[in-house]
Every structure is written in C-alpha cells, then in structure tokens.
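Here's the structure, in structure tokens; my notes come after.
In our numbering, the protein residues as written are 6 to 455.
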C-alpha cells in the first residue's frame with residue numbers, strides 16, 4: 006500500500022500537522038496558564054516505586070491527612086510509575102508542565118541517580134517543595150556473624166580488604182551510605198555488590214550470599230525474628246548512621262560511637278518541576294506542613310517507625326545542596342571509572358558514522374554474499390535515526406508525540422525515498438501515531454512515556 010497524498014493536498018495537510026505538533030509541544034512545556042485560580046483540578050503525586058513500598062505508604066498517609074484536614078480544595082491522586090530505581094517517574098514529572106498539577110514524592114535517589122550517571126538530571130531540575138521524613142539507616146548482619154558493632158566490622162574490613170560482601174542496590178542512597186561508611190576510616194574496604202530491594206537483601210543475607218547490608222529502621226524492625234530464633238535465621242543491628250541513638254533500638258550504637266565519623270539518613274522529599282510558580286509551591290508546602298502536624302498522621306508514622314522531619318523554603322534548599330555535596334564526595338571515584346550511557350551512545354554514533362563512510366567507500370567492492378550498498382546505507386541511517394530519537398526523548402524536553410512524528414518522517418523518508426507528498430504523508434502519519442500513543446498512555450492507561 007502506497008501511503009502518499011496527492012501533491013495538491015500534501016502542503017495544507019503538512020502545515021496542519023506542523024501547527025498541531027507545535028501546539029502540542031507548547032502545551033507539554035507550558036501547561037495551563039498560570040493566571041488561573043490554583044488549584045482548579047486534581048493534583049497528581051507521582052510515586053516512582055510500586056504500590057505498597059515505603060515511599061508509596063508515606064505519600065498515601067500524607068494524602069489522606071490532607072484530605073481529612075481539608076487542607077486543599079481539590080483531591081490529591083497518587084500515581085505509581087515504578088521502574089529504573091525511581092528515574093522513570095522522576096523523568097515524567099520533570100518533563101511535565103510547571104503548573105503545580107503533577108509533583109514528585111521521592112527520596113535521595115534523585116541525587117544518587119545523577120551522581121551515578123543513571124540519568125543526566127538531579128535536584129537542579131526540580132523545585133523542592135518540602136521534606137517530610139528522615140529515615141534512620143541501620144547496618145545489619147546475620148546474628149551469627151563475628152561482629153558486635155561497626156568497630157568490629159571496620160577492623161575486619163581493614164584486616165581483609167575487599168572480602169566482606171556489602172550488599173546494596175548500586176547507584177541508590179544505600180550504596181552511597183555504604184561508601185560513606187567505607188571512607189569514614191582509613192583502610193576500610195568492602196566488596197560492595199549488587200543486591201536489590203529490602204526483601205531480596207534480607208533473603209541474600211539469610212542465605213549467606215552477602216555478609217552485611219543496609220536497611221531502613223522500619224525494615225530492620227520488620228525483619229527481626231522472635232526471640233529464641235537460631236542465630237543463622239536472625240539479623241543483628243551493628244549500628245545506625247544517626248547522630249544519636251534511636252529509641253526503637255536503644256542498645257544499638259551510632260557509627261560515631263564506634264569510631265566511624267559519619268552520619269546518613271535517607272530523607273523523603275516532595276518536588277515540583279523547575280519553573281513552578283513560587284506561590285503554588287508555597288501552597289503545597291503549607292498543606293504538607295499542616296498535614297505533618299496532624300496527631301493521627303504522627304501516630305500512623307510512629308507505628309511504621311517513620312521519623313517525621315519537616316523542612317521547606319531556603320532551609321530545605323540549603324539542606325539539599327549539602328546532601329548533594331556530601332554524596333558527591335563519595336561518588337567522585339566511582340564516577341570517574343564509569344563511562345555512563347551518554348558516552349556509550351556517543352561512541353555508538355561515531356561507530357555508525359564510520360560504518361556509513363566505509364560503506365560508501367566500499368560501494369563498488371565485491372562481497373561473498375553481496376548486499377546492495379544502498380540497502381546497507383539505509384539500514385545504518387535508520388539505526389542512527391533511532392538512536393537520535395532515543396537521545397531526544399532522554400535528554401530534551403521534546404514531547405513524545407513530537408519526537409515520534411519526527412522519527413516516523415525520518416525513518417520513512419530514509420527507507421522509501423524522499424518526495425514532498427511522501428514526506429507530508431509521513432508527517433501526518435507520525436502526528437497521528439505520536440499524539441495517539443501519548444494520549445492513550447497518559448489519559449487511558451495512566452502510564453508515563455519517556
């Protein structure tokens with residue numbers, strides 16, 4: 006089937022498609038007019054993790070408190086967008102209109118994801134609305150391990166560098182806390198290995214696949230077995246990374262008490278896209294602050310071993326800046342050795358460019374199984390177009406529909422040949438596909454796109 010408009014109607018249809026895409030892109034960046042009364046419709050809270058986890062639980066507790074106390078005139082809607090250790094949902098909010106109708110609830114993974122070069126954005130792409138918790142970090146081993154506290158663990162890591170397996174999700178806050186602990190005393194060297202979510206780390210620890218790990222206070226208390234359980238089936242808290250002991254673990258010393266001068270706690274923050282009007286940020290911060298004062302919310306958080314701690318405004322901005330610098334200090338060495346996705350993509354583009362040049366240079370050479378030079382070049386150029394498409398989605402504010410329409414035009418023209426009617430036809434097709442897919446995913450399925 007030859008999908009190509011009559012030349013007489015190609016130009017006006019192409020113009021309509023371009024105008025439509027321009028309006029779509031403008032809407033994706035600017036959102037609704039900031040002159041409207043705010044809030045005028047429901048506000049989405051994007052939680053970039055699965056339902057039922059710690060972040061999701063806290064977000065829903067605050068959501069219910071705001072509703073219970075009538076702190077906002079519109080509902081708050083929690084939307085779970087898991088994947089990429091929190092980066093998929095964070096990217097969705099970052100690319101959303103800066104109008105206060107879609108905000109992010111995320112911990113310090115927003116900092117560590119950038120420092121680990123998982124994504125090219127961090128706190129600088131957002132406006133911090135509020136901090137609502139600061140979770141106690143617990144260093145845990147199996148109860149039959151030969152360590153009584155963090156001083157014993159550090160001594161063993163000095164005596165046998167790189168032997169003790171420290172399981173954490175790489176590139177996340179626990180990974181950076183492990184590195185802080187490692188750098189707190191000269192000569193300490195752990196074998197830091199990949200070990201994902203809390204339940205999996207617990208299973209790895211009990212199975213002897215890792216020797217030590219990090220849990221939040223709530224996780225550590227939840228994984229603790231009843232008294233009388235055999236040591237091989239029980240966990241033991243060696244220390245916490247708070248400045249002071251915690252009432253829930255009164256016999257567990259801090260790292261500082263054990264001679265390791267470091268503190269760390271994975272705080273939970275609320276973020277808005279950069280450029281969100283300050284009055285809207287302030288209104289959201291007011292609602293969260295008042296909710297945090299709710300006696301019922303405080304009781305619910307205490308029952309879950311969540312420590313409330315509220316910050317906002319300049320105090321919060323300074324705190325986040327300090328956390329970034331603290332984590333950058335332990336991330337520098339690691340980042341220097343990791344090329345990152347950006348460098349891989351650039352290298353691949355260079356290789357493809359060389360392949361195109363070589364293909365053209367070798368056009369008249371014979372091959373055992375000859376492939377027409379034009380076909381080789383089209384295939385290579387198609388690959389380049391796809392890589393550029395992915396790069397545009399990953400690193401620019403270009404709307405999915407606009408990038409997809411451009412990709413369809415580029416790919417179709419490369420494969421089928423360039424004529425104006427054909428390009429116009431492809432532009433209309435790309436516009437329908439891009440806007441249709443984005444509309445279905447966002448409106449019907451309530452899922453984010455790159």
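Using N, Cα and C, we set each Cβ at its ideal position, and we do this for glycine too.
Note that the structure is predicted; figures quoted are calculated from it, not measured.
Residue 266 - DSSP class collapsed to helix/strand/coil: Indexing the chain shown from 1 puts residue 266 at position 261. If DSSP states are grouped into helix, strand and coil, residue 266 belongs with coil.
Specify the secondary structure class of residue 221 as computed by DSSP and reduced to three states. The residue you call residue 221 lines up with position 216 of the chain shown. Residue 221 falls in the strand class under three-state DSSP.
Inter-residue CB distance, residue 138 and residue 273 (contact presumed, cutoff 8 Å): Your numbering for residue 138 matches position 133 in the chain shown. Your numbering for residue 273 matches position 268 in the chain shown. About 4 Å; that satisfies the 8 Å criterion.
With distances taken Cα to Cα, identify the nearest neighbour of residue 390 among 133, 409, 226 and 329. Along the chain shown, read from residue 1 onward, the residue named residue 390 stands at position 385. When only C-alpha atoms are compared, the closest one is 409.
Coil, strand or helix - residue 185 by DSSP: Walking along the chain shown from the start, residue 185 turns up at place 180. Note: residue 185 maps to helix in three-state DSSP.
Bounding residues of the alpha helix (DSSP H) (the contiguous stretch that carries residue 209): Within the chain shown, numbered from 1, the residue matching residue 209 stands at position 204. Taken as a continuous stretch (DSSP letters only), the alpha helix (DSSP H) holding residue 209 covers 203-211.
Taking three-plus beta-carbon pairs below 8 Å as touching, is the stretch 292-304 in contact with the stretch 121-138? yes
With distance defined between alpha-carbon atoms, name the residue in 113, 187, 256 and 263 nearest to residue 327. Here residue 327 corresponds to residue number 322 of the chain shown, with the count starting at 1. With distances taken between Cα atoms, residue 327 lies closest to 113.
In the structure shown, what three-state DSSP assignment does residue 139 receive? Taking the first residue of the chain shown as 1, we reach residue 139 at position 134. Residue state, collapsed to three classes: strand.
Helix, strand or coil: how does DSSP classify residue 78 here? Working through the chain shown from its first residue, we reach residue 78 at position 73. Residue 78 falls in the coil class under three-state DSSP.
First and last residue of the uninterrupted alpha helix (DSSP H) at residue 414: For the purposes of this step, residue 414 is taken as residue 409 along the chain shown, with counting starting at 1. Looking at the DSSP string, the run of the alpha helix (DSSP H) that includes residue 414 is 405-421.
Between the stretch 224-244 and the stretch 189-201, do at least 3 Cβ pairs fall closer than 8 Å? no
Can you give me the Cβ contacts of residue 116 inside the same chain, cut-off strictly under 7 Å, excluding the 5 residues immediately before and after it? Position 111 of the chain shown holds residue 116. Correct list, in chain order: 127, 128, 328, 329 and 332.
If I'm right that residue 435 touches residue 413 with Cβ under 8 Å, what's the distance once you round it to whole angstroms? Taking the first residue of the chain shown as position 1, residue 435 is located at position 430. Taking the first residue of the chain shown as position 1, residue 413 is located at position 408. At roughly 3 Å, the Cβ-Cβ gap stays under 8 Å, so residue 435 and residue 413 are in contact.
So is residue 440 buried or exposed if we call it buried at 16+ other beta carbons inside 10 Å? Taking the chain shown and counting its residues from 1, the one referred to as residue 440 is at position 435. Buried.
Residue 117 in three-state terms, based on DSSP: Residue mapping note: residue 117 aligns to position 112 of the chain shown, counting from 1. In this structure, residue 117 counts as helix in the three-state DSSP scheme.
Check whether residue 226 and residue 146 have beta carbons under 9 Å apart: Counting from 1 along the chain shown, the entry for residue 226 is found at position 221. Counting from 1 along the chain shown, the entry for residue 146 is found at position 141. Taking 9 Å as the Cβ cut-off, residue 226 and residue 146 do not qualify as a contacting pair.
Residue 147 bridges to which residues according to DSSP? Taking the first residue of the chain shown as position 1, residue 147 is located at position 142. For residue 147, which the question treats as bridged, DSSP gives the partners 240.
Please state whether the Cβ-Cβ distance between residue 67 and residue 309 is less than 9 Å. Counted from its first residue, the chain shown places residue 67 at position 62. Counted from its first residue, the chain shown places residue 309 at position 304. For residue 67 and residue 309, no; Cβs fall outside 9 Å.
Can you name, in chain order, every residue of its own chain whose Cβ lies under 7 Å from the Cβ of residue 431, other than the five neighbours on each side? Start at 1 with the first residue of the chain shown, and residue 431 comes out as number 426. Once the five neighbours on either side are set aside, the close Cβ partners of residue 431 are 413, 414, 417 and 418.
Spatial neighbours of residue 338 within its chain, please: CB distance less than 7 Å, with the 5 preceding and 5 following residues excluded, ordered by chain position. Along the chain shown, one-based indexing puts residue 338 at 333. Note that residue 338 scores 48 on pLDDT, short of 50, meaning its location in the model is unreliable and no value can be drawn from it.
Distance check for residue 288 and residue 105, CA to CA, integer angstroms please. Numbered from its first residue, the chain shown carries residue 105 at position 100. Numbered from its first residue, the chain shown carries residue 288 at position 283. Roughly 10 Å separates the two Cα atoms.
DSSP three-state call for residue 384: helix, strand or coil? Along the chain shown, read from residue 1 onward, the residue named residue 384 stands at position 379. Helix, per DSSP.
Which same chain residues, not among the five before or five after residue 345, have their C-beta less than 8 Å away from its C-beta? Numbered from 1 along the chain shown, position 340 holds the residue referred to as residue 345. For residue 345, the predicted structure reports a pLDDT of 49, less than 50, and the residue's modelled location is therefore unreliable. A value from the coordinates is still provided. Cβ within range, chain order: 122.
Among the residues of its own chain, which have a CB less than 7 Å from the CB of residue 438, if the five just before and after it don't count? For the purposes of this step, residue 438 is identified with residue 433 of the chain shown, where counting begins at 1. Answer for residue 438: 409 and 413, listed in chain order.
In the structure shown, what three-state DSSP assignment does residue 43 receive? Taking the first residue of the chain shown as position 1, residue 43 is located at position 38. Note: residue 43 maps to coil in three-state DSSP.
So what does DSSP say about residue 312, is it helix, strand or coil? On the chain shown, position 307 is the one that residue 312 refers to. Coil at residue 312, not helix or strand.
Excluding the 5 residues preceding and the 5 following residue 157 in the sequence, name in chain order all residues of the same chain whose CB lies nearer than 8 Å to its CB. Numbered from 1 along the chain shown, position 152 holds the residue referred to as residue 157. If we look at residue 157 and ignore the five residues flanking it on each side, its Cβ neighbours are 151 and 243.
How many whole angstroms separate the CB atoms of residue 47 and residue 80, which I take to be in contact at a CB cut-off of 8 Å? Mapped onto the chain shown, residue 47 falls at position 42. Mapped onto the chain shown, residue 80 falls at position 75. That pair is a contact at about 5 Å.
When the Cα atoms are used, what is the spatial distance from residue 63 to residue 82? Here residue 63 is taken as the residue at index 58 of the chain shown, counted from 1. Here residue 82 is taken as the residue at index 77 of the chain shown, counted from 1. Approximately 13 Å between the Cα atoms of the pair.
Around the C-beta of residue 178, are 16 or more other C-beta atoms found within 10 angstroms, so that it is buried, or is it exposed? If you number the chain shown from 1, residue 178 lands on position 173. Per the 10 Å Cβ criterion, buried.
What residue range does the beta strand (DSSP E) around residue 170 cover? As a position in the chain shown, residue 170 is number 165, starting the count at 1. Looking at the DSSP string, the run of the beta strand (DSSP E) that includes residue 170 is 170-173.
Quick one: give me the first and last residue of the alpha helix (DSSP H) that residue 98 is part of. Working through the chain shown from its first residue, we reach residue 98 at position 93. Run containing residue 98: 92-99, per the alpha helix (DSSP H) assignment.
Under the three-state reduction of DSSP, which class applies to residue 259: helix, strand or coil? Counted from its first residue, the chain shown places residue 259 at position 254. Residue state, collapsed to three classes: strand.
Which same chain residues end up closer than 7 Å to residue 183 when comparing Cβ atoms and leaving out the 5 residues on each side of it in sequence? As a first step, residue 183 must be located in the chain shown, where it is residue number 178. For residue 183, where only same-chain residues beyond five positions count, the Cβ hits under 7 Å are 171, 173, 195, 197 and 219.
Whole-angstrom Cβ separation of residue 148 and residue 240, contact assumed at under 8 Å? As a first step, residue 148 must be located in the chain shown, where it is residue number 143. As a first step, residue 240 must be located in the chain shown, where it is residue number 235. That belief holds up - the Cβ atoms of residue 148 and residue 240 are roughly 6 Å apart, short of 8 Å.
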